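Below is one structure, written out as structure tokens; comments come after it.
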């Protein structure tokens with residue numbers, strides 16, 4: 184809200200009596216090691232952790248149950264919470280909220296550094312935050328992926344064990360939790376933050392500080408959830424069901440607090456995106472001219488802002504159970520373990536659509552570019568996304584079909600769950616309709632989009648099996664479910680993320696990704712993704728429950744097949760990382776300004792994108808995606824004579 | 026500010042562009058304020074849901090043995106102060122719209138005071154409970170309510186304080202211009218902020234009434 | 053995807069696709085129903101399992117054409133409209149932005165399919181008495197005599213003998229990390245073996261002593277979460293003798309993976325022999341067990357029994373579920 188204030192005063196010249204005009208940089212904002220950056224965040228984070236730990240011990244030292252158990256959840260909670268606050272303070276996220284107390288509107292808080300160190304700072308430029316997010320989610324994904332390799336290693340043999348059951352269950356829980364947290368942000372964070380303002384023709388985000396805060400909270404959340412391992416891990420899986428939650432040790436605090444912290448970041452990210460999309464669309468960009476990726480981010484943001492507070496509250500109650508000994512989830516003391524299941528899944532089901540919708544958005548955005556024709560049934564696609572978002576609030580009890588609650592509600596939840604496949608089907612109508620009589624270009628991003636349609640179909644159809652209560656009896660809680668959601672989240676979202684990266688990295692970095700290595704990556708990932716997870720449907724049907732370290736010996740063949748495929752799937756990510764290093768540093772190939780000949784607004788800006796995005800705020804003239812249409816007007820009027828030439832390569 | 030990244034190389038803005046972004050800024054504050062109410066509603070709804078869920082399941086007949094109640098004196102005092110804060114925010118904004126910045130700032134500073142006292146009372150109340158946190162379902166949800174109420178009171182105190190401080194600063198820095206009237210961008214943003222703040226505080230008061238009734242009266 | 057022709061005006065893309073699709077779908081469904089369907093889990097050891105299997109097969113036979121439809125469409129589209137084949141054509145992607153007829157048809161077809169599936173699922177759930185899923189203490193879809201047997205079991209009046217049509221209540225108690233079983237009809241003895249009579253409707257009463265487990269009797273088509281202080285009821289009707297596997301399918305801690313054993317469906321007389329013999333052999337132990345109850349609340353003195361929903365171990369209320377006959 185402050186940048187435009189600032190700009191306007193620049194245009195009109197100094198406002199009389201405005202003292203900020205000549206204000207000098209405070210020492211925290213100067214370039215150099217001692218200013219606020221990642222290092223100060225680490226230092227203050229550690230100091231905060233130590234203070235919190237001391238404070239927690241001080242507060243609770245008088246209680247017998249704590250001194251007798253040798254576990255002090257209060258100290259753990261406060262240590263992590265203070266650590267998060269220290270981290271945020273160290274990076275500089277708290278300067279502005281503090282200055283606000285004195286009536287400052289924070290204009291002087293812009294990051295003054297415009298060199299590579301801005302990527303290690305609290306930057307308010309949505310493009311910097313987007314790139315920070317790219318690195319953040321890739322780090323997250325790599326950690327979770329390594330844990331997945333460990334899981335598959337343990338499942339190589341039902342009788343010879345590589346890990347103790349204790350270690351194994353920690354690995355499984357950590358894998359699930361990390362991946363869920365990562366997948367929530369994997370598109371909204373990097374690509375949403377980077378491209379939404381560009382695609383709606385805005386020069387900025389609505390709340391750049393909240394956007395930056397969401398990223399730094401995301402990183403703090405990563406560390407909090409990872410702190411579970413040194414604390415001894417938690418045995419509950421990512422669902423954290425009570426009473427196992429109540430029973431387990433200090434690692435559980437990291438899980439609960441980690442979700443609360445990450446949840447806060449999710450709420451903030453969604454909040455900023457929703458407000459930006461609603462208010463900062465360029466003139467002329469009516470709701471029927473909004474790119475479909477932006478629609479998907481808007482629908483996702485609605486879910487992020489409205490569903491995540493429930494997770495936050497659920498995590499808070501769990502932390503209270505752990506620390507001040509309340510009994511929200513303790514049956515014996517007037518609580519109810521089902522309460523957690525209800526709160527968790529009331530968040531948890533919208534959560535899975537948070538992880539699906541951005542993927543649909545990317546598919547819808549990329550298809551017209553590579554099909555050289557308009558998106559088929561544009562309105563249906565946005566209606567589908569909104570329909571999915573709305574319905575997702577009414578399906579949560581399908582996770583509790585065998586739990587023993589509300590048997591009379593099962594037909595209703597079966598109905599709502601199956602109804603959600605209607606708006607999801609819209610996405611297929613749009614995708615298939617766009618392919619009809621197109622001129623398809625098989626570029627790398629397109630391959631990933633096509634793979635998404637292939638994978639998500641299997642994920643979606645098996646979802647209908649799961650929603651059917653009689654079939655659910657057999658498949659619930661087994662590898663069938665596991666395979667189903669890997670098909671939707673990994674097969675859908677992760678493939679969409681890869682499509683998005685291959686598509687937009689030339690814009691973000693000014694370098695083309697190597698096509699040959701990219702094809703190797705794609706085929707390895709696509710083939711071995713299917714070879715890893717398809718056998719798991721059969722494994723599940725044959726009776727293998729989730730999260731087990733041992734299984735029936737007759738399933739060893741299928742499990743080994745799956746494990747070996749998983750290793751190659753894991754290797755395909757190394758190929759991807761190699762491609763990144765190769766294309767960005769080893770043998771950079773400068774990207775043309777618009778390598779895919781897209782009509783999208785984001786490609787019409789200069790590369791590298793100036794901090795203000797657009798020379799003039801563009802005026803949107805017509806609907807998006809009017810490819811191959813004779814005499815179609817240009818999408819936007821940029822109001823400049825020297826619009827970037829799309830043919831000359833520019834250096835990043 | 027003059028050294029900011031944004032400034033370096035920023036193209037000059039036409040008056041139309043400036044106004045366009047200004048309007049987007051104002052409506053962002055409007056949208057953001059309403060969306061924040063939505064977020065907060067879902068968080069409080071989780072508490073309300075937990076309350077009624079535990080009440081109806083009554084595990085081990087331990088929902089609320091002997092109808093334990095948190096100290097009512099504290100409850101009435103805290104809710105009364107919340108109510109006053111909400112009213113002050115509402116009236117203060119009305120007065121600002123009418124053109125009296127002085128009335129607004131008096132109301133807001135009083136609001137900061139009442140909200141702070143409520144915050145202190147809410148914390149002190151926790152050491153005057155007649156039950157242990159884990160003694161019943163009611164006790165647990167009450168602790169959850171207290172934590173959320175502390176959050177609410179911190180937010181309302183902070184938001185009231187920052188708006189009124191901002192208004193005073195604008196008044197000082199734009200000497201001769203009144204934040205209630207001037208069309209200076211900072212003043213326009215300030216007024217939008219006050220509107221969002223007063224809306225949120227009125228929402229908190231209404232939600233507080235429901236929670237007060239649930240925990241102290243029912 | 054309405055029937056349109058391409059620029060040459062002769063090729064009916066959709067007609068071609070539809071032909072391949074119909075042929076493949078019919079072949080696929082026939083092959084599936086002959087070679088795969090009879091072997092689909094959970095088999096046909098009980099009525100429930102058989103119906104679950106049928107349900108799965110029907111879903112699969114509906115899903116197969118959907119999968120084929122999309123795959124054939126994708127393959128056809130990628131082959132015919134790929135830019136390698138069209139390199140020299142002036143044609144550069146159709147400019148039509150939508151087609152109302154296609155949209156309407158798509159919505160009608162998906163809606164009808166979905167509503168049919170939901171209706172069919174509901175029907176299957178109702179006629180199959182909850183399809184073997186845990187229905188909690190107040191089952192909404194109980195078979196005839198099911199609730200009566202439950203109440204009788206609690207009062208110690210449940211009876212079952214070979215040839216009778218009575219529902220046999222069996223209690224399943226989960227704890228970290230094993231299942232044990234109590235037979236209220238036979239003096240409430242507790243066994244680590246699950247033996248069931250053939251051709252009998254069984255009411256599983258699943259509960260837990262500690263954390264949430266899930267009682268998954270794989271071949272029986274039964275799955276019910278074992279929640280502490282909750283009596284989760286699931287019904288099934290056994291058919292022929294055979295053995296089945298029991299696994300825990302809800303993460304319950306470190307040794308969750310090894311929480312499994314197996315059970316037997318035996319002939320009615322063999323079952324009665326086993327039950328009466330075990331009852332007699334365990335009489336001394338049974339006397340030391342807590343009285344039979346739907347839930348057990350561990351306290352300082354061990355696992356005490358309590359009645360749902362008023363399972364306060366210190367109260368003497370004896371009601372079972374608000375919907376139960378007294």
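Residue numbers (our numbering), protein chains in the order written: chain A, 184 to 835; chain B, 26 to 243; chain C, 53 to 378. Note that CB positions come from ideal geometry on N, CA and C, so glycine has one too. Quick caveat: nothing in here was measured; it's all calculated off a predicted structure.
Exercise for review: Quick one: list the residues of chain C neighbouring residue 624 (chain A), beta-carbon separation under 9 Å, in chain order.
Suggested key: Locating residue 624 (chain A) in the first chain gives position 441, where the first residue counts as 1. Here the neighbours are 134, 135.
Point to revise | Own chain, CB closer than 6 Å to residue 261 (chain A), minus 5 neighbours either side, in chain order | key: Here the question's residue 261 (chain A) lines up with position 78 in the first chain. Excluding sequence neighbours, residue 261 (chain A) sits near 235, 238, 239.
Point to revise | Beta-carbon spacing of residue 441 (chain A), residue 407 (chain A) below 9 Å | key: The count along the first chain starts at 1 and reaches residue 441 (chain A) at position 258. The count along the first chain starts at 1 and reaches residue 407 (chain A) at position 224. Yes, they are a contact pair.
**Study point:** Under 8 Å (Cβ pairs) to chain C, residues found in the region 592 to 605 of chain A
**Key:** 593, 594, 597, 598, 601, 602, 604, 605
**Study point:** Short CB-CB distance (under 9 Å) between residue 219 (chain A) and chain B
**Key:** Walking along the first chain from the start, residue 219 (chain A) turns up at place 36. Answer no: the Cβ-Cβ gap between residue 219 (chain A) and chain B never drops below 9 Å.
Point to revise | Rounded straight-line distance, which links the Cα of residue 785 (chain A) to that of residue 629 (chain A) | key: Sequence index remark: in the first chain, residue 629 (chain A) carries index 446 (1-based). Sequence index remark: in the first chain, residue 785 (chain A) carries index 602 (1-based). The alpha-carbon atoms of residue 629 (chain A) and residue 785 (chain A) are separated by roughly 18 Å.
**Study point:** Exposure of residue 284 (chain A), with buried meaning 16 or more beta-carbon neighbours within 10 Å
**Key:** Taking the first chain and counting its residues from 1, one reaches residue 284 (chain A) at position 101. Residue 284 (chain A) is exposed by the Cβ-count criterion.
Point to revise | Proximal residues, the region 273 to 284 of chain A versus chain B, C-beta separation under 9 Å | key: 280, 283, 284
**Study point:** Straight-line gap, residue 409 (chain C) to residue 633 (chain A) (C-alpha atoms, nearest Å)
**Key:** The question about residue 409 (chain C) has no answer here: the residues shown for chain C are numbered 53 through 378.
Check your understanding: So, residue 512 (chain A) versus residue 411 (chain A), is the Cβ gap smaller than 9 Å?
Key -> Looking up residue 512 (chain A) in the first chain gives position 329. Looking up residue 411 (chain A) in the first chain gives position 228. No.
Practice item. Ignore the nearest five residues each way along the sequence and tell me which others in residue 811 (chain A)'s own chain have a CB closer than 7 Å to its CB. Key: If you number the first chain from 1, residue 811 (chain A) lands on position 628. Once the five neighbours on either side are set aside, the close Cβ partners of residue 811 (chain A) are 555, 556.
Point to revise | Short CB-CB distance (under 9 Å) between residue 113 (chain C) and chain A | key: By one-based count along the third chain, residue 113 (chain C) stands at place 61. Chain A, which has no Cβ nearer than 9 Å to the Cβ of residue 113 (chain C), makes this no.
Review point. With which residues is residue 300 (chain C) paired in a DSSP beta bridge?
Key: Numbered from its first residue, the third chain carries residue 300 (chain C) at position 248. DSSP, once it has assigned bridges, lists C:267 as partnering residue 300 (chain C).
Review point. What residues in the region 718 to 745 of chain A bring their beta carbon closer than 8 Å to a beta carbon of chain C?
Key: 724, 725, 726, 728, 729, 730, 731, 732, 733, 734, 735
Review point. From this set, A:687, A:724, A:482, A:746, which residue's C-alpha is nearest residue 336 (chain A)'s C-alpha?
Key: For the purposes of this step, residue 336 (chain A) is taken as residue 153 along the first chain, with counting starting at 1. It is A:746 whose Cα lies nearest to the Cα of residue 336 (chain A).
Review point. Counting only runs that start and end within the region 692 to 736 of chain A, where is the alpha helix (DSSP H) found for 4 or more residues in a row?
Key: 698 to 724
Practice item. Kindly list, in the order they appear in chain C, the residues whose Cβ is closer than 8 Å to that of residue 323 (chain A). Key: Within the first chain, residue 323 (chain A) is the residue found at index 140, counting from 1. Here the premise fails: no neighbours, minimum Cβ distance about 23 Å.
**Study point:** Cβ contact (3+ pairs, closer than 8 Å) linking the region 113 to 123 of chain B and the region 132 to 142 of chain B
**Key:** yes
Review point. Roughly how many angstroms separate the alpha carbons of residue 87 (chain C) and residue 116 (chain C), rounded to a whole number?
Key: Counting from one through the third chain, the residue named residue 87 (chain C) turns up at place 35. Counting from one through the third chain, the residue named residue 116 (chain C) turns up at place 64. Each residue's alpha carbon lies about 15 Å from the other.
Check your understanding: How far does the alpha helix (DSSP H) with residue 249 (chain C) in it reach, from first residue to last?
Key -> For the purposes of this step, residue 249 (chain C) is taken as residue 197 along the third chain, with counting starting at 1. Run containing residue 249 (chain C): none in the alpha helix (DSSP H); it sits in the beta strand (DSSP E), 246 to 249.
Check your understanding: In this structure, does DSSP put residue 622 (chain A) in helix, strand or coil?
Key -> Translated into the one-based positions of the first chain, residue 622 (chain A) becomes position 439. Coil.
Exercise for review: Go ahead and pull the three-state DSSP assignment for residue 280 (chain C).
Suggested key: Reading the third chain from its first residue, position 228 is the one you call residue 280 (chain C). Residue 280 (chain C): strand per DSSP, three-state reduction.
Point to revise | For residue 188 (chain C) and residue 137 (chain A), believed in contact at Cβ under 8 Å, the rounded distance | key: Any answer about residue 137 (chain A) is impossible in this case: the structure gives chain A only from 184 up to 835.
Exercise for review: Check whether the Cβ of residue 655 (chain A) lies closer than 9 Å to any Cβ atom in chain C.
Suggested key: Locating residue 655 (chain A) in the first chain gives position 472, where the first residue counts as 1. Cβ-Cβ to chain C under 9 Å: yes for residue 655 (chain A).
**Study point:** Beta-carbon neighbours of residue 462 (chain A), restricted to chain B and to distances below 7 Å
**Key:** Here residue 462 (chain A) refers to the residue found at position 279 when the first chain is read from its first residue. Correct list: 49, 52, 53, 56.
Exercise for review: Establish whether the CB of residue 97 (chain C) and some CB of chain A are separated by less than 9 Å.
Suggested key: What you label residue 97 (chain C) is simply residue 45 of the third chain in a count that begins at 1. Closer than 9 Å: no.
Point to revise | Contact set for residue 707 (chain A): own chain, Cβ-Cβ below 8 Å, skip 5 residues either direction | key: Locating residue 707 (chain A) in the first chain gives position 524, where the first residue counts as 1. Correct list, in chain order: 751, 752, 754, 755, 758.
Check your understanding: Can you name, in chain order, every residue of its own chain whose Cβ lies under 6 Å from the Cβ of residue 100 (chain B), other than the five neighbours on each side?
Key -> For the purposes of this step, residue 100 (chain B) is identified with residue 75 of the second chain, where counting begins at 1. Excluding sequence neighbours, residue 100 (chain B) sits near 241.
Check your understanding: Skipping 5 residues on each side, what residues in its chain have a beta carbon closer than 6 Å to that of residue 518 (chain A)?
Key -> The sequence position of residue 518 (chain A) within the first chain is 335, counting from 1. The residues are 510, 511, 512.
Review point. So residue 318 (chain C) is in the beta strand (DSSP E); what residue range does that whole segment cover?
Key: Within the third chain, numbered from 1, the residue matching residue 318 (chain C) stands at position 266. It spans 312 to 318 - the beta strand (DSSP E) in which residue 318 (chain C) sits, taken as one unbroken run.
Check your understanding: Which residues bound the beta strand (DSSP E) around residue 235 (chain C)?
Key -> Position 183 of the third chain, counted from the start, is the residue given in the question as residue 235 (chain C). Note, residue 235 (chain C): beta strand (DSSP E), 230 to 235.
Point to revise | Reference residue 241 (chain A); option with closest CA among A:252, A:259, A:227 | key: Within the first chain, numbered from 1, the residue matching residue 241 (chain A) stands at position 58. Residue A:259 is the option with its Cα nearest to residue 241 (chain A).
Check your understanding: Can at least three beta-carbon pairs, one atom from the region 65 to 73 of chain C and one from the region 157 to 172 of chain B, be found at a separation below 8 Å?
Key -> no
Point to revise | residue 414 (chain A) in three-state terms, based on DSSP | key: Walking along the first chain from the start, residue 414 (chain A) turns up at place 231. Correct three-state label for residue 414 (chain A): coil.
Point to revise | Limits of the beta strand (DSSP E) - the one that residue 254 (chain A) falls within | key: Here residue 254 (chain A) corresponds to residue number 71 of the first chain, with the count starting at 1. Segment: none, residue 254 (chain A) is in no beta strand (DSSP E) and carries neither H nor E.
Review point. Does the separation of the CB atoms of residue 552 (chain A) and residue 686 (chain A) fall below 9 Å?
Key: Within the first chain, the letter at position 369 stands for residue 552 (chain A). Within the first chain, the letter at position 503 stands for residue 686 (chain A). Contact: yes.
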